[in-house]
Amino acid sequence: MDASRFSFSSNAVLEDPFTWVHELEDIGFTGWEMVQEGTQCLTEDKLPKVREVLDSTNLVLTMHMPFSDMNLAGLNPGIHGEVLRQMKNYLSLASGLVEVAVVHPGYLSPYGKKVPDRAWDTNIHSIQELCDTAEEYGIIIAVENMPDFPMIFGREPDEMLR
104 MDASRFSFSS NAVLEDPFTW VHELEDIGFT GWEMVQEGTQ CLTEDKLPKV
154 REVLDSTNLV LTMHMPFSDM NLAGLNPGIH GEVLRQMKNY LSLASGLVEV
204 AVVHPGYLSP YGKKVPDRAW DTNIHSIQEL CDTAEEYGII IAVENMPDFP
254 MIFGREPDEM LR
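If you read the sequence shown in this note's numbering, its first letter stands for residue 104, the second for the next number, and so on.
Given below as C-alpha cells:
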C-alpha cells in the first residue's frame, strides 16, 4: 500500500482544529480534509489561520461540505435554497485553498418519500448546481458514496449516473 498521500478527515474532532492541525504532518499525514461542521467551518475569520497552515506545512487541504441538516434532495424551497446558499458560500471561501470538495448526495424526506422521482431530480440538479459553482472557483466536486441505508441517494456509483 502506498501511504505517501494519506489525509486526515477531522469529522470526529470537536475542538479547535488549529490546536492540532500542525501535528498531522509530524505523524505521517500529507493532507487534511476540513469538514464543514462545528468548530471546523471555514469562515472569513478562519481564512488567515488556514492560509498559515498551508504556508507552514506541506499539507494538502481538501474540504468536506456540511452534511448535518443539509439535504440536497429536499423539497422545501426555502430550506433547500438555504442549503445551496451555505454550500456555495463554503466553495467561495475555499477558492484558492482547495482543489476538491466532497459532498454527500441527498436523501428522501418524509414528503420526498411520497414523490421520490421529484426528490431524485432535485438531488441531481443540486449537485449539478454545486459543480457549476465549484468550477467557477477551480474546485472539483467529489460525490461521496453513502452507506446502504434506506432513503439515502448515492449508495452505488451507477445510481448517480441514471
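Cβ coordinates follow ideal geometry from the N, Cα and C atoms, glycine included.
Owing to the predicted nature of the structure, the values given are computational and were not obtained by experimental measurement.
message: Do Gly134 and Leu162 count as a contact pair if the criterion is CB distance below 8 Å?
response: yes
- prompt: Taking the C-alpha atoms as reference points, what is the distance between Asn179 and Glu126?
  reply: 42 Å
- request: Rank Ala176, Ile182, His183 and Asp119 by C-alpha distance to the C-alpha of Val153 and give the top, closest one.
  value: Asp119
query: In the stretch 126 to 208, which residue ranges form an unbroken alpha helix (DSSP H) of at least 4 residues, counting only runs that do not cross its ends?
result: 126 to 129, 150 to 159 and 180 to 197
message: With a threshold of 7 Å on Cβ separation, who are the neighbours of Asn352 within its own chain once the five nearest residues in sequence on each side are excluded?
response: Outside the modelled stretch of the chain, which goes from 104 to 265, sits residue 352, for which no answer is possible.
task: Within 10 angstroms of the Cβ of Gly215, are there 16 or more other Cβ atoms? Answer buried if so, exposed if not.
output: buried
query: Looking at the structure shown, is Ile230 part of a helix, part of a strand, or coil, going by DSSP?
result: helix
query: Nearest-angstrom Cα distance between Pro260 and Asp172?
result: 23 Å
Straight-line Cα distance separating Asp129 from Asp224: 45 Å
- prompt: Within this structure, are the beta carbons of Leu117 and Thr146 separated by less than 8 Å?
  reply: no
Spatial neighbours of Gln231 in its chain, beta-carbon cut-off 8 Å, leaving aside the 5 residues before and after: none
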